[in-house]
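Residue numbers (the numbering used here): 240 to 353.
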């Protein structure tokens, strides 16, 4: 599934499976984002890992904040994930950050300190 994730956007069920598998996928959980990751990069990041500090310049709103969208994603027919997405200010990769909602999916343990 990682090869597929590097070339196309995954469906909700595929994202969910990847997140639940966590480090078993061979992806380490990083404390901070990679610096200017190339398009197609897939990695896990600690929830409080300051995902915006990746070295890219993202489109901004008039107030100077990063312009991002937020949607809820479904897996197994239930809305149980969140997704932030951003568009680069210049040529570059789009960013999607997806996480499982611990309230919607209590079997997924989350570390409150992470």
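Positions of the beta carbon are idealized from the N, C-alpha and C atoms, including for glycine.
### Task
May I ask you to report which of helix, strand or coil DSSP gives residue 303?
coil
Practice item. Inspect the CB distances between the segment 249 to 258 and the segment 326 to 346 and report whether three or more fall short of 8 Å. Key: yes
- Could you check what DSSP says for residue 310 in three-state terms: helix, strand or coil? strand
### Message
Considering only their Cβ atoms, is the gap separating residue 251 from residue 320 smaller than 8 Å?
### Response
yes
**OP:** Could you tell me if residue 263 is buried or exposed, where buried requires 16 or more neighbouring beta carbons within 10 angstroms of its beta carbon?
**Re:** exposed
| said: DSSP has residue 320 in a bridge; who is on the other side? | reply: 312 and 339
| message | What does the Cβ neighbour count give for residue 301, buried or exposed, with the cut at 16 atoms within 10 Å? | response | By the neighbour-count rule (16 or more Cβ atoms within 10 Å), residue 301 is not buried but exposed.
Bridge partners for residue 327 per DSSP, in chain order? 297
**Prompt:** What separation, rounded to the nearest whole angstrom, lies between the Cα atoms of residue 271 and residue 316?
**Reply:** If I take the Cα positions, the gap works out to 31 Å.
Among the residues of its own chain, which have a CB less than 6 Å from the CB of residue 343, if the five just before and after it don't count? Scanning its chain for C-beta atoms nearer than 6 Å, with the 5 sequence neighbours on each side dropped, one finds around residue 343 the residues 319, in chain order.
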